[in-house]
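To start, the structure under review is shown below, and the notes come after it.
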Amino acid sequence: MGELVLVTGVAGFIGMHVAHRLLTQGYDVVGIDNLNSYYDPGLKQARVRQLEPHPNFRFLKLDLSDRTAISALFAAHRFPYVINLAAQAGVRYSLVDPHAYADANLTGFLNVLEGCRHNGCRHLVYASSSSVYGANTRVPFATSDNVDHPLSFYAATKKANELMAHSYAHLFRLPVTGLRFFTVYGPWGRPDMAMWLFTEAIASGNPIKLFNSGQMRRDFTYVDDVAEAVARLILVPPQSNVDWSGDEPDPASSRAPWCVYNIGNSQSVEVLEVVGLIERALGKAAVRELLPMQPGDVPATFADVAALERAVGFRPKTSIGSGVQRFVAWFRDYKGL
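Shown next as structure tokens:
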């Protein structure tokens, strides 16, 4: 029996891959998810089926916003490690249904913090987002940068998660690590994200929507690299930074056992380049629809991952060319093309 880890959002894209990595390393994993209908629940259920053959995996359908159920779960298992990847995702949907983000990302995360606080959790790792950098324009984005100007309510909830986590680290000495993910893609990805949307549209001959006329840059990060980073960080709980000063506060660390890391490929790639890679992988040209920038979007993301490399001796490294080929090969198989 390995050590027990709770993975929330286990039926999600990143959650499935992180759980699989932990299982192959000998951990026992309890995975929870509410299997909501933000996108096809059938895809989420198919991800869970990829994990169920592992004898040390157990799935429970639970909603993080259910305070009573989550409290009982933590009390029953007293998880030494918790990886919180459950969230209402998507920048643009937060303009449509902000209450879904308050329920999942704020109330749900508070229930996780309380569960960890009262049941001896040794390290809580949770998903933040590169969207917290908001209106920042200096690149690459560094965790030492101020992140007080979010451009979407989704980003605001992720910034709030970092603040909530810090308060629990300060008050209760709960070790907490936040992960600012940068445009994660790969097999079993999300159908609401550009990689899937472009591939599906090109394969079927439908137009692809290129916002800001495709003049957007993203730090595309392959999901296997993300899972590797998370698996390494779980065993590296943050320590108090005794040199931290309130006179010149460093946003990346604290006197509390709290820190944040960027999880990105540290390369900013133009979206039009990615479209070209998908076209070549499919052997088919895209029909392009050029559109203006959308509300809540940012023109570019680019991660400084030096702190991650110092902490665990690893930085994401899968090239965008290799990653797109792997995703398209999986997509063809999944869709039976």
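In this text, residue positions in the sequence shown follow my numbering: the first is 2, and each later residue adds one.
Ideal placement from N, C-alpha and C gives every residue a C-beta, glycine not left out.
Predicted model, so just to flag it, every value in this text is computed and none were measured.
Next item on the list: Note down, in chain order, each residue of its chain lying with its Cβ closer than 7 Å to the Cβ of Gly-10, except the 5 sequence neighbours on either side.
Entry: So the qualifying residues of the chain are Gly-16, Asp-34, Leu-86, Ala-87 and Ala-88.
Item checked: Uninterrupted alpha helix (DSSP H) stretches inside the stretch 183 to 240 (no shorter than 4 residues) -> Within the stretch 183 to 240, the complete alpha helix (DSSP H) segments at least 4 residues long are 195 to 205 and 224 to 234, listed from N- to C-terminus.
Note to self: Does Tyr-40 come out as helix, strand or coil in the three-state DSSP assignment?
What the structure shows: DSSP places Tyr-40 in coil when its eight states are reduced to three.
Next item on the list: Specify the secondary structure class of Gly-179 as computed by DSSP and reduced to three states.
Entry: Assignment of Gly-179 by DSSP, reduced to helix, strand and coil, places it in the strand class.
Margin query: Within 8 Å, do at least three Cβ pairs link the stretch 128 to 142 to the stretch 275 to 290?
Written below: Segments in contact, no.
Next item on the list: Please report the Cβ distance between Pro-258 and Pro-176, rounded to the nearest whole angstrom; I am assuming they are in contact, meaning their Cβ atoms lie under 8 Å.
Entry: Yes, Pro-258 and Pro-176 are in contact; Cβ-Cβ is about 4 Å, under 8 Å.
Next item on the list: Identify, in the order they occur along the chain, each residue of the same chain with its Cβ nearer than 7 Å to the Cβ of Val-30, setting aside the five sequence neighbours on each side.
Entry: Around Val-30: Val-6, Val-8, Ala-20, Leu-23, Leu-24, Asn-57 and Phe-58.
Next item on the list: Please determine, among Val-185, Cys-117 and Ala-77, the residue with the shortest C-alpha to C-alpha distance to Ala-170.
Entry: Among Val-185, Cys-117 and Ala-77, the Cα nearest to that of Ala-170 is on Cys-117.
Checklist line | Glu-249 versus Glu-229: straight-line alpha-carbon distance, rounded | finding: Rounded to whole angstroms, Glu-249 to Glu-229 spans 33 Å at the Cα level.
Item checked: Per DSSP, the bridge partner or partners of Glu-271 -> DSSP lists Arg-218 as partners of Glu-271.
Check: Measuring CA to CA, which of Arg-123, Leu-111, Tyr-39 and Phe-75 is closest to Val-237?
Finding: Looking at the Cα atoms, Arg-123 is the closest of the given residues.
Check: Applying the criterion that 16 or more other CB atoms from any shown protein chain within 10 Å of the CB defines a buried residue, is Pro-141 buried or exposed?
Finding: By the 10 Å Cβ count, Pro-141 comes out buried.
Note to self: I'd like the span of the alpha helix (DSSP H) that includes Glu-310, first residue to last.
What the structure shows: Element bounds for Glu-310: 307 to 313.
Item checked: Local conformation of Arg-256 per DSSP, three classes -> It is coil, neither helix nor strand.
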